[in-house]
Every structure is written in C-alpha cells, then in structure tokens.
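According to our numbering, the residues represented by the sequence shown are 870 to 1278, in order.
Idealized CB from N, CA, C, for every residue including glycine.
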Amino acid sequence: MSSLLLKHDNSFFSRSFKISGSKSESNRLLVLKSIYQNLNIENLSDSDDSIVLKKHLDNLSYYIDIHHAGTAMRFLTALLSIKENNKFEITGSERMKQRPIGVLVDALINLGANIIYKDKIGFPPIIIKGKKILGGEVFLNAEISSQYITALILIAPLLEKGLIINLQGEITSRPYILMTLSILERLGIKNKFENNSISVHPCKKIKDISINVESDWSSVSYYYSIVALSKKSHLEIGSYFKNSIQGDKKLVDIYSKLGVKTKFIDNIIILEKDEDYLLPINLDLDLKENPDIAQTIAVTCFGLGIGCNIKGLHTLKIKETDRLFALKNELEKLGGKIEITIESLKLYPSSEIKKNISIKTYNDHRMAMAFAPLSLLVPIYIENPEVVTKSYKNFWSDLSALNFQIFRK
C-alpha cells in the first residue's frame, strides 16, 4: 500500500483557488435530473461518489456496483424501487456490505416496494423489483442518517399521493434534510417541514432551470484546520455563499474560536490566521447536525494542544469506517489521549506530537484529509492517500500549491 510523507516549514503562505461543487448538493441534483431532464447542473462535484452515481443514473442496468458510495446506495435504493417493470441488484465494497440499509428498505416496503436481501438481512446487496408506488405516510426514527430520509424525499414528487414522513425522536443532521427540501423548493416542488413531519407534494414537471452548485463546505474544513495550525496564512477560496444551504457552514463559527477569521467577498471566503487570538483550554461542541467535520475539528484541537468534548456523533460508526474508533487509534499513535463512547469523544490537552507517525486511513477519505494539516507541525505519513478522491480529487495538488512538501513512499 502506498503512502505519502508530508512536511511543511510553517512559513507564511497565501493562495487563491476554487474547490469543486458540494458532493451532497450534487448527488441530490443528479437524482432529480434523472427525473426532470430540463434541470441543468453547473459546478458539479468531481468526487468519486458523484461520478459513480452519475454513471449509473445515465446507464441503468440490472447489476449496479456503487463501490464505497454510501449516498449512491441509499438514493438509488429508493429511486429504483419506483422504476416500474425493471429489476436491479445493488451491491458495493466489503465495507458497504457492513453498512445498514434496513431502515430505508423497511420504509420503502411499507410504502409498497418490492425489495429483498441477497445475503444478510438489513445490509446490501439487495434485489429490487421496481413497481408503481402511490405514496402516503411513513414513520421513521429521527436519529438515523439523514440520507435515508433524503432518499425518500427525492422520490416523493413522483408518487401520486406525495409523501408524509413522520420523524420520531431527536433529528440527526437536520441541515442535510433542509438542504434537500431547499433544492426541491428551487425546482418549484411544494414541501413543508413542521413539528418533525415532512410533507412533499407530487410534481410531474418543472420549469427549465439551471442550478450552480456551491463549493463543498466539508472539503473546506481542512483549510480551516490548516489556517488554525499555521503561524501566518491568507487563503481565498471559492465558490461559497454567505446564505449557504450546507450545514457545515458552521465551520465559520467553530473556527472563530480556534483563531481563524472568515470574510465573505463576492462568493469568495477569505481565511486568515488571527495571530493575537487567545485559544480556549477546551472546546465543547454538539455536532449531531454536522458529524462530517468532527474528525477535522478533533485533529485541529490536538494540534493546537487544547482539549475538546464533542457529542452527537452516533452516525460516525456506520460511515466509511467506525470513525470514532479510527480517530482514537490514530490520535493515540501521535501521543494524544482520547476517550470515546458510542456517540461522543473527549480529547485531553496535549503538549507534544510524535514525529514521523504513519496514519492509517481505513479506506476513509476524511481520515486522510483531517490528519494532513498536522504536517505543519511535524512530518507525518498518510497511508493509502488515493482515498481522498471519494470526495476531493485535487486535495494533494492543492496542498502542494500551499508549499506542503509531499513525497510518495
């Protein structure tokens, strides 16, 4: 397995660049474009996940292998269930076969779908016989991944009766649900989200429309970490909207507590190190609405030598890897002290970072990118660096342009 050695002298750096469109927005829009051909998408994500989803939507066949793309698995499961008189088998990587799909499958079956498991109940691969589904009402545990909920919302306009989704309990990743509904609103599809109940009206046609996908906030989190760990830096990154529908815009507020100043000018964000900022001893966060940035924040805090308590992380155990377990393992190798539960982590302040440690990435793109900024402080190895293409193809070349020294081993 290949690895990269990363180094940086942590002298001043400044650069302007653009990050690809949001993977989350792109994948929602790709499903909707497969329904409404007169939808045009600009600045589409170049992530592996979006490429895989687009490939299968453009050329549907019986056997569909989505590899590591969890979003594609969930969105296609719902979409293909209403493809009348068609049969499909959806599978993925070995890790994908360990990621649960049962909550979504149960909801679809309750609506009338015909889906069976090929191997283990509750997990891919699954076999779908597409049929007409009228819609109606379903009940779901609100603490599940928002992708299950979004998968149902995206097919709701095609159901004759529309769809009402009743969420029971405390909602996880609410911003991702609001993102989906906001996109439907832009297409003219009526919907409402009130008192834990989501309703989506039927809509067979939309007006011609072109949507420019905002750049990915999850991807820019690594640059917030880089600026926080730098001695002095200035980055101008596009294209980002001050009124973003992406929940990970919360980075602006979180990293203001870690010494990073953010300005918005003409859909560009300007990140600068606040050299006079006094860091907290400990950072307390609830990331139930923003779990994808947890790894980045934990690593930043470790690099800054401060502690953090982060809760609301129960969905991290069913991602590309068990991210809480992976974080604990790799931070401890670097000299950190961290405790985890099934939904939280507690990182203690550290005064030293071990050099030349090799970081295992567990086939998880966010592990590779979250740990890379530590090379501003110590030389570090990143194993299986190609994994970043899942969400951010140009990550290593963009880092190289910021004077990171990158050596392939």
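### Message
The beta strand (DSSP E) that contains residue 1165, what's its start and end?
### Response
Where residue 1165 is concerned, there is no enclosing beta strand (DSSP E), although the alpha helix (DSSP H) it sits in stretches over 1163-1173.
#### Entry: Backbone CA spacing between residue 1069 and residue 1056 [nearest angstrom]
13 Å
#### Entry: Counterpart residues of residue 939 in DSSP-defined beta bridges
None, per the DSSP bridge assignment.
### Task
Drop a sphere of 10 angstroms on the beta-carbon of residue 1037, count the other beta-carbons inside from all chains shown, and report buried for 16 or more, exposed for fewer.
Exposed, by the Cβ-count rule.
#### Entry: Collapsed DSSP secondary structure at residue 1127 in the structure displayed
Residue state, collapsed to three classes: coil.
### Message
Can you find the residues in the same chain that come closer than 8 Å, C-beta to C-beta, to residue 873, ignoring five residues on each side of it along the sequence?
### Response
1250, 1251, 1254, 1265, 1275, 1276, 1277, 1278
### Task
Verify whether the separation of the beta carbon atoms of residue 1233 and residue 1189 is less than 9 Å.
yes
### Query
In chain order, which continuous runs of the alpha helix (DSSP H) of length 4 or greater are located wholly inside the segment 1142-1227?
1163-1173, 1192-1202
### Task
Using DSSP bridges, identify the partner residues of residue 992.
Per DSSP, none; premise fails for residue 992.
### Task
Label residue 1155 either buried or exposed according to how many other C-beta atoms from any shown protein chain fall within 10 Å of its C-beta, with 16 as the threshold for buried.
exposed
### Query
residue 1003 and residue 1030 look like a contact to me (Cβ under 8 Å); what is the Cβ gap, rounded to whole Å?
5 Å
### Query
By how many angstroms is the C-alpha of residue 911 removed from the C-alpha of residue 1236?
29 Å
### Beta-carbon separation (whole angstroms), residue 951 vs residue 1024, contact threshold 8 Å
Sure, about 6 Å apart at Cβ, within 8 Å.
### Query
If you compare alpha carbons, which of 1077, 1159, 1226, 1170 is closest to residue 1185?
1159
### Message
According to DSSP, simplified to helix, strand and coil, what is residue 883?
### Response
strand
### Query
Roughly how many angstroms separate the alpha carbons of residue 979 and residue 971, rounded to a whole number?
12 Å
#### Entry: Three-way DSSP call (helix, strand, coil) for residue 927 in this model
helix
### Task
Take every Cβ of the segment 888-904, pair it with every Cβ of the segment 1069-1082, and state whether three or more of those distances are shorter than 8 Å.
yes
### Query
Looking at the structure shown, is residue 972 part of a helix, part of a strand, or coil, going by DSSP?
helix
#### Entry: Nearest neighbour of residue 1262, chosen from 884, 913, 908 [CA to CA]
913
### Length of the line joining the Cα atoms of residue 1151 and residue 1213
Each residue's Cα considered, the two are about 15 Å apart.
### Query
In terms of residue numbering, what span does the alpha helix (DSSP H) encompassing residue 1070 cover?
First-last for residue 1070: undefined, no H or E at that position.
#### Entry: Where residue 990 falls, given that 16 or more other Cβ within 10 Å makes a residue buried
exposed
### Message
One question on the structure: do residue 1120 and residue 885 come within less than 9 Å of each other, judged by their Cβ atoms?
### Response
no
### Message
Considering only their Cβ atoms, is the gap separating residue 1047 from residue 1116 smaller than 9 Å?
### Response
Contact flag set, yes.
### Query
Going by beta carbon distance, what residues of the same chain come within less than 7 Å of residue 1146, once the five residues before and after it are set aside?
1128
### Task
In angstroms with no decimal places, state the Cα-to-Cα distance between residue 949 and residue 1007.
18 Å
### Task
Would you mind reading off the limits of the beta strand (DSSP E) that contains residue 1013?
Segment: none, residue 1013 is in no beta strand (DSSP E) and carries neither H nor E.
### Query
Among 1089, 1170, 1215, which residue has its Cα nearest to the Cα of residue 1182?
1215
### Task
Going by CA-CA distance only, name the one from 916, 1063, 1248 that's closest to residue 876.
1248
#### Entry: In DSSP terms, what residue 876 is bridged to
1274
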